[in-house]
Structure formats: C-alpha cells, structure tokens
Amino acid sequence: MFKIPVGVAQEIERLQREFFWGDGVANRKIHSIDWTTICKSKSKGGLGIGRILDKNVGLLAKWVWRFGYKEHSLWKQVLCAKYRVNCSELWWQWNNSYQASVFVKTIHKLLENGTPSASVLKEGLPIVIGCGNRANFWEDIRWDSIPLKSVFPRIFALSTKKDCKVFEFGIWQGANWEWKIPLRRSLFGLEEEQWKCFLTTLDSVKIRNRIEDTIAWSFNPKGVFSVSSFRKCLESSPTNYQCNTKLIWNGFCPPKVDVFVWNLLKGRTLVKDVLCSWSLKLWKVCMSWWDVQCCHNFSFKEWMEGWLGFSPSEDGIFYLFSASVWTIWESRNQSFFNNTETTSECASDMIKFRVGWWFKYCGIGSQDTITNLMLNLKDLCKDRTVIKRPVSVDWTPPSPNGLKFNVDGSAKGKPGPVGIGGVLRDSRGKILCLFFSFFVGNEDSKHFGDSCDSQSLCVICLQA
3 MFKIPVGVAQ EIERLQREFF WGDGVANRKI HSIDWTTICK SKSKGGLGIG
53 RILDKNVGLL AKWVWRFGYK EHSLWKQVLC AKYRVNCSEL WWQWNNSYQA
103 SVFVKTIHKL LENGTPSASV LKEGLPIVIG CGNRANFWED IRWDSIPLKS
153 VFPRIFALST KKDCKVFEFG IWQGANWEWK IPLRRSLFGL EEEQWKCFLT
203 TLDSVKIRNR IEDTIAWSFN PKGVFSVSSF RKCLESSPTN YQCNTKLIWN
253 GFCPPKVDVF VWNLLKGRTL VKDVLCSWSL KLWKVCMSWW DVQCCHNFSF
303 KEWMEGWLGF SPSEDGIFYL FSASVWTIWE SRNQSFFNNT ETTSECASDM
353 IKFRVGWWFK YCGIGSQDTI TNLMLNLKDL CKDRTVIKRP VSVDWTPPSP
403 NGLKFNVDGS AKGKPGPVGI GGVLRDSRGK ILCLFFSFFV GNEDSKHFGD
453 SCDSQSLCVI CLQA
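Under my numbering, residues 3 to 466 are what the sequence shown spells out, in order.
This is the structure in structure tokens:
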C-alpha cells in the first residue's frame with residue numbers, strides 16, 4: 003500500500019544480484035550480463051526478474067483497477083465515505099489535498115500527467131459499458147481511445163447534459179435501447195454531418211440491462227490486472243532482440259539449460275571454444291540425422307536459426323539443439339577441468355538420452371521406454387502432433403427425437419470486437435444448422451452475449 007524507499011529497493015536488488023551471480027563477501031565472480039538486461043522481460047531478451055521499484059509501482063497501480071472493478075468492497079466504501087466520493091465512480095478522481103493520507107497521495111502521484119504509470123493506466127483501463135449507471139456519457143464512451151466530447155465537440159457544446167451518466171441519454175423500448183440526446187437548438191450545416199457520425203458511433207455501443215458498468219485490464223485476456231503485465235508495459239525501450247524466446251522458455255528443458263542457451267544467444271559464453279574440432283564432429287553427427295551438411299562459418303545465433311530450419315517442427319528440433327549444446331559444453335568442461343575425454347559416440351548417445359528423458363518428463367511418449375524414444379527421436383522432433391496433442395471436449399446428446407442448440411462467443415480484447423456462433427444437432431450428433439454473427443460492437447467477453455441482436459445473425463441451413 004506504500005511506496006518502497008529507494009534505498010530499501012536497492013538493498014533488495016543487491017541481495018538478488020549476489021544470489022544470481024554467486025557473489026560473496028570474500029569473492030566476486032565475473033558478471034557476463036548486466037543487471038538491467040537480466041531484469042527485462044523474456045520477450046525483450048531478459049530473464050523476466052523485474053526491478054523492485056517497478057513491481058512496487060505495479061502493486062500500487064492495482065488499487066486503481068480495484069477501485070473501479072470492485073464497487074461494493076469494504077475498503078472502497080471506507081475511503082469514499084472519508085473523502086465524500088460517490089462509490090459508483092469508476093475512475094480515481096479525488097482531489098490531492100494536504101489532508102489526504104499517504105496512501106491517497108501516493109496513488110495520485112501515479113496518475114499525474116506525464117508519468118509512465120499514468121499513460122499505461124489510462125490506456126489499459128477502458129470502461130466496459132453495461133447498463134450505463136456508472137459510466138459518464140461524454141467522458142467514458144470513447145472512439146479510438148478518445149472521449150466523445152473531444153471527437154464531436156460541436157455536439158457536446160449543444161448538449162444540455164454535460165456531466166451525466168450513460169443511462170440518462172436514452173430509454174428502453176421493450177427489449178431495445180433507444181438513444182435520446184437532448185440539444186438546446188436545432189442542427190444546421192456541418193453540424194448535421196457530425197450528428198450522423200455521432201449516431202453511427204453510438205450504434206456500436208451496446209447497452210446491457212441489469213449488468214453493471216465496470217473496467218477491465220486490456221493487457222490481460224481475462225481483463226484482470228496483473229503486476230507482470232503492468233511491468234511489461236513500462237518497458238518502453240526499443241530492443242533489437244529478434245530470437246524466438248518462446249522456444250527457450252517453454253518449460254521442456256531444465257532451467258539451467260535454458261539459461262545456458264540464453265547466454266549463448268547473448269554472446270556471453272566462450273562460443274568459439276565450444277566450436278572446436280571435436281564439437282564440430284559431433285555437430286555433423288547430429289545433423290546427419292536430417293541428411294544436412296554442416297557449415298560453421300556463422301555466429302551462434304545464425305547457427306541456431308539454421309537448425310530451426312532443418313525440421314518442420316521448430317519446438318521439437320529445439321530440444322535436440324539445446325541438448326546438443328549442453329552436452330558439448332559439459333564435455334568440454336570435463337576435458338578441461340577433470341582431464342576426462344568424451345568420445346563423439348558417447349556424447350551422441352547422451353544427447354539422445356537427455357532429449358528422451360525431457361520428452362518423457364513432459365508427458366510426450368510417456369507410454370514408451372527411454373530406449374524407444376531414443377530410437378525414434380527423429381520422428382518425435384518432426385511430428386508436431388505428438389508434441390501438441392488436441393484437447394477433447396465431451397458433448398452430451400439430447401434425448402431421442404430431441405434437438406440441442408450449443409452457442410459460444412469470443413471477444414478480441416477486453417473490451418474488443420465480439421461475435422457469437424452456434425450449432426444445432428440432433429440426438430445422433432448430426433449437424434442440422436450452423437449460425438454466426440456479424441460484428442456486434444466492442445464488449446467485454448463476460449457479458450457481451452446478453453447484448454446480441456438476433457437480427458444480426460446469419461443462418462446457414464445444411465441440406466440433409
């Protein structure tokens with residue numbers, strides 16, 4: 003609830019650095035990669051550790067989301083009663099007076115114009131319109147993230163209601179919502195063109211009866227605020243890191259192998275020493291499994307990207323690639339520090355053994371023995387269906403001579419463009435009818451089904 007002192011955050015990060023690098027009071031090891039890069043998210047070439055100050059700001063920013071998302075929470079009722087604020091407000095809009103508590107002043111500093119946290123919160127917390135009882139009409143209804151009063155300034159100037167809720171600008175006609183915008187005079191000239199565009203914009207706003215207005219975190223598919231997503235949004239610095247990091251941090255390889263490959267791609271490991279004559283011989287053996295010629299006049303990143311082009315399944319070949327570089331590095335260390343030589347045949351068998359174990363640990367080929375996995379390693383790496391198994395969904399048929407109607411929908415974002423679809427089946431599972439909808443507006447995926455217009459459905463009947 004409070005901003006962490008800078009000195010305390012620096013001390014915590016010092017302990018993190020010493021633990022990560024293995025430093026101590028008496029010894030200090032070589033730091034191959036700077037701490038700023040390590041703290042970056044994995045998609046930007048870091049390890050996703052994050053800075054302590056950014057995490058603290060994210061935890062404080064979460065209170066802004068809670069303020070609009072949880073209307074009836076006890077802590078919000080106490081604060082609203084203390085500062086005489088309406089509990090139905092969706093956005094933190096209190097005056098930062100000298101009598102405010104330290105907590106309220108800290109939140110206000112996050113929302114000050116020009117700060118990175120304020121820009122992220124304003125972009126990531128759009129208001130999802132429900133019945134219109136909490137959202138402000140001119141401020142909270144937006145077109146391309148711009149309030150209506152800024153998009154249509156003439157209509158706003160002519161309106162007799164400047165600071166009213168959405169439900170005050172229309173009435174229900176049966177099951178349909180009809181907009182009623184009061185103006186102080188008639189329109190003429192260019193104002194009529196702006197009025198037509200204004201009504202077209204309002205048609206995309208769906209009012210849903212008996213559903214409360216709320217806010218959703220747009221950087222999370224579920225609409226729930228998370229500190230990790232907020233921290234990633236604060237990382238606004240550009241990066242030239244173009245490697246497919248999803249393959250490195252997919253959870254199939256042990257963490258120490260993932261970190262080792264990450265160091266290799268950063269160029270912070272003795273790559274030239276790894277690519278010695280013995281290791282090149284082992285590379286040729288591994289590549290011969292795909293009938294590919296070996297060439298080593300590339301950087302390590304280009305080397306890895308070349309490997310990923312040898313097989314139609316990048317994820318499968320990457321496990322073999324990680325096992326190969328880890329085995330080569332381990333064999334090199336055994337030879338250098340323990341004076342123990344490893345033949346290319348033993349190293350090749352170790353690579354197959356490791357990949358077989360990793361596949362079996364993750365549930366791939368769990369019914370097979372390690373020996374069978376080693377013998378069929380090439381097929382495992384090529385067959386994408388083995389690695390990504392489909393998820394089966396059970397369907398319960400209706401009673402005999404009955405029909406069953408299944409519907410579902412989706413939204414691209416929270417809020418975002420939405421649509422619905424469905425299928426009609428008989429008791430034998432035969433499809434009788436399919437339907438899908440056109441674009442029905444920008445809505446929250448939790449509630450948009452209630453606002454669907456039946457006239458927007460297109461039905462396709464299949465002939466028996």
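Beta carbons are placed, not taken as given, at the ideal position from N, Cα and C, and that holds for glycine. These numbers were taken from a predicted model, which means no experiment stands behind them.
* Report yes or no: is there a C-beta of chain D within less than 8 Å of the C-beta of residue 324? => The chain inventory of the structure shown lacks chain D, comprising one protein chain alone.
* Proximal residues to residue 33 (C-beta, below 7 Å), its chain only, five neighbours per side dropped -> 23
* Asked: Do the region 164-184 and the region 124-141 touch if we need at least three Cβ pairs shorter than 8 Å?
  -> yes
* Asked: If you draw a straight line from the alpha carbon of residue 219 to that of residue 104, how long is it in whole angstroms?
  -> 25 Å
* To do: Write down every uninterrupted run of the beta strand (DSSP E) in the region 50-114 whose length is 3 residues or greater and which is fully enclosed by it, in chain order.
  => none
* Delimiting residues of the alpha helix (DSSP H) encompassing residue 40 -> 37-41
* With DSSP as the reference, label residue 222 as helix, strand or coil. => coil
* Asked: Identify the residues that DSSP records as bridge partners of residue 428: which are they?
  -> 405
* Asked: Per the contact definition of three or more C-beta pairs closer than 8 Å, is the region 191-202 in contact with the region 219-229?
  -> no
* **C-alpha gap between residue 175 and residue 211, whole angstroms** => 12 Å
* **Sufficient close CB pairs (3 or more, under 8 Å) joining the region 65-85 to the region 121-137** => yes
* From residue 341 to residue 268, what distance separates their C-alpha atoms? -> 29 Å
* Excluding the five sequence neighbours on either side, which residues of its own chain have a C-beta within less than 6 Å of the C-beta of residue 406, listed in chain order? -> 400 and 427
* Asked: Are the Cβ atoms of residue 62 and residue 5 separated by less than 8 Å?
  -> yes
* Asked: Span of the alpha helix (DSSP H) holding residue 264?
  -> 257-268
* **Cβ distance (whole Å) where residue 412 is taken to contact residue 421 below 8 Å** => 7 Å
* **Nearest residue (CA-CA) to residue 162, options 179, 13 and 183** => 183
* To do: Please report the residue range of the beta strand (DSSP E) in which residue 195 lies.
  => Segment 192-205 is the alpha helix (DSSP H) holding residue 195; no beta strand (DSSP E) there.
* Three-state secondary structure (DSSP) of residue 413 -> strand
* Helix, strand or coil at residue 342 according to DSSP, with G and I counted as helix -> coil
* To do: In angstroms with no decimal places, state the Cα-to-Cα distance between residue 409 and residue 113.
  => 41 Å
* To do: Mind listing, in chain order, the continuous alpha helix (DSSP H) runs of no fewer than 4 residues lying wholly within the region 105-190?
  => 118-126, 139-142, 150-153 and 155-160
* Which residues DSSP lists as bridging residue 236, in chain order -> BP columns for residue 236 are empty, so no partner.
* As assigned by DSSP and simplified to three states, the class of residue 271 -> coil
* Proximity winner among 55, 119 and 143, relative to residue 217 (alpha-carbon distances) -> 143
* To do: Rounded to whole angstroms, what's the CA-CA distance from residue 387 to residue 234? Just pull it up for me.
  => Any answer about residue 387 is weak, because its pLDDT of 39 lies below 50 and its placement is not dependable; what the coordinates show is given next. The straight-line gap from Cα to Cα measures roughly 32 Å.
* To do: State the start and end residues of the unbroken alpha helix (DSSP H) segment that holds residue 23.
  => 8-23
* Asked: In three-state DSSP terms, what is residue 5?
  -> coil
* Asked: Which value, in whole angstroms, describes the spacing of the CA atoms of residue 252 and residue 270?
  -> 22 Å
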